[in-house]
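>
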Amino acid sequence: GDSVTQMEGPVTLSEEAFLTINCTYTATGYPSLFWYVQYPGEGLQLLLKATKADDKGSNKGFEATYRKETTSFHLEKGSVQVSDSAVYFCALSPDSNSGYALNFGKGTSLLVTP
Amino acid sequence: GAVVSQHPSRVICKSGTSVKIECRSLDFQATTMFWYRQFPKKSLMLMATSNEGSKATYEQGVEKDKFLINHASLTLSTLTVTSAHPEDSSFYICSASPQGRAGVQYFGPGTRLLVL
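For the protein sequence lines, the chains are U and F, in the order given.
In our numbering, each residue carries its 1-based index in the first sequence increased by 975.
In our numbering, each residue carries its 1-based index in the second sequence increased by 36.
#1: Is the beta carbon of Gly-963 of chain U less than 9 Å from the beta carbon of Gly-1053 of chain U?
#2: I'd like to know whether the C-beta atoms of Cys-130 of chain F and Ile-48 of chain F end up nearer to each other than 9 Å.
#3: In three-state terms, what does DSSP make of Pro-122 of chain F?
#4: Looking at the unbroken beta strand (DSSP E) that takes in Ser-1033 of chain U, where does it start and where does it end?
#5: Give the straight-line distance between the Cα atoms of Ser-1084 of chain U and Glu-88 of chain F, rounded to the nearest whole angstrom.
#6: Name the chain F residues that come within less than 9 Å of Phe-1079 of chain U, Cβ to Cβ?
#7: Any idea which residues DSSP pairs Ala-84 of chain F with across the strands?
#8: Could you check whether the stretch 1042-1051 of chain U touches the stretch 980-998 of chain U, counting it as contact only if at least three pairs of C-beta atoms, one from each stretch, sit closer than 8 Å?
#9: Tell me, which residues are paired with Pro-134 of chain F by DSSP?
#10: State the DSSP-derived secondary structure class of Ser-1058 of chain U, mapped to helix, strand or coil.
#11: So, with DSSP's three-state summary, where would you put Ser-1071 of chain U?
#12: Give the secondary structure of Phe-1048 of chain U by DSSP, where H, G and I count as helix, E and B as strand, and everything else as coil.
#13: Taking Gly-146 of chain F as the query, report the chain U residues whose CB atoms sit under 7 Å from its CB, ordered along the chain.
#14: Closest to Asp-1059 of chain U by CA distance: which of U:Pro-1015, U:Lys-1024, U:Ala-1028, U:Pro-1069 is it?
Given below as structure tokens:
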């Protein structure tokens, strides 16, 4: 079945460092891909998404490109801030027959230190 | 932005009792709501999909008689854990998909259940 694999954390970076969180997927059909973020004590929030190959999602300085040839959707940010400390989930939504349920990766915890 | 609430945020109960968790979309109507379960250091696992006014669709391996889901209105879905046991202790998260915006999901903050 469809699945998402993302790098395990925790990831600890200094402020202003470059961030990459790897995410690869396995899917039949033409899935949509998402990154969600969960700040401490809060619910998951959509960070960005891409619905077809070569699309680039971006938001709050984060970006990810839907790469069909490598089945990847890596999350990047050029300069992280302390406020970016959170858990990041890569997710996949199969085609419309699934009812738009999401398959999540295990999550990657990011800690940014001053 | 769209807000989804869950109540309670935390609950502790004795083994054998039942617990009801509410999920509400506060400022939009949700045709579809999803219930997930999250284990420590694990991904969110989809338990079931519920559509307003119809029976929930459960994922393979999820006991529908154990986890009762009711989606009685466009703003409220409930998950009842019946005869809870310690292995049911987990973090339960709901999400809601706005009417007319299939593919978009807004998540609740989650409910931490501890069964003693």
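Ideal placement from N, C-alpha and C gives every residue a C-beta, glycine not left out.
Because the structure is a prediction, the values reported are computed rather than measured.
Straight from the coordinates:
#1: This structure cannot speak to residue 963 of chain U, because chain U is shown only from 976 to 1089.
#2: On the second sequence, residue 130 of chain F is found 94 positions in, with the first residue counted as 1. On the second sequence, residue 48 of chain F is found 12 positions in, with the first residue counted as 1. Judged by their CB atoms, Cys-130 of chain F and Ile-48 of chain F are not nearer to each other than the 9 Å cut-off.
#3: Here the question's residue 122 of chain F lines up with position 86 in the second sequence. Of the three classes helix, strand and coil, the one that applies to Pro-122 of chain F here is helix, per DSSP.
#4: Along the first sequence, read from residue 1 onward, the residue named residue 1033 of chain U stands at position 58. First-last of the beta strand (DSSP E) with Ser-1033 of chain U: 1031-1034.
#5: Within the first sequence, residue 1084 of chain U is the residue found at index 109, counting from 1. Within the second sequence, residue 88 of chain F is the residue found at index 52, counting from 1. The C-alpha of Glu-88 of chain F is placed about 34 Å away from the C-alpha of Ser-1084 of chain U.
#6: By one-based count along the first sequence, residue 1079 of chain U stands at place 104. The contacting residues are Tyr-72, Gln-74, Ser-79, Leu-80, Met-81, Leu-82.
#7: Within the second sequence, residue 84 of chain F is the residue found at index 48, counting from 1. For Ala-84 of chain F, which the question treats as bridged, DSSP gives the partners F:Trp-71, F:Tyr-94.
#8: yes
#9: Counting from one through the second sequence, the residue named residue 134 of chain F turns up at place 98. F:Ala-66.
#10: On the first sequence, residue 1058 of chain U is found 83 positions in, with the first residue counted as 1. Reduced to three states, the DSSP call for Ser-1058 of chain U is helix.
#11: Taking the first sequence and counting its residues from 1, the one referred to as residue 1071 of chain U is at position 96. Confidence is the limiting factor: at Ser-1071 of chain U the pLDDT is only 49, short of 50, which leaves the residue's position unreliable, though a coordinate-based value still follows. In the structure shown, Ser-1071 of chain U sits in a helix (DSSP, three-state: H, G or I).
#12: As a first step, residue 1048 of chain U must be located in the first sequence, where it is residue number 73. Reduced to three states, the DSSP call for Phe-1048 of chain U is coil.
#13: Position 110 of the second sequence, counted from the first residue, corresponds to residue 146 of chain F. Correct list: Gly-1018.
#14: Here residue 1059 of chain U is taken as the residue at index 84 of the first sequence, counted from 1. When each option's Cα is compared against that of Asp-1059 of chain U, the closest is U:Pro-1015.
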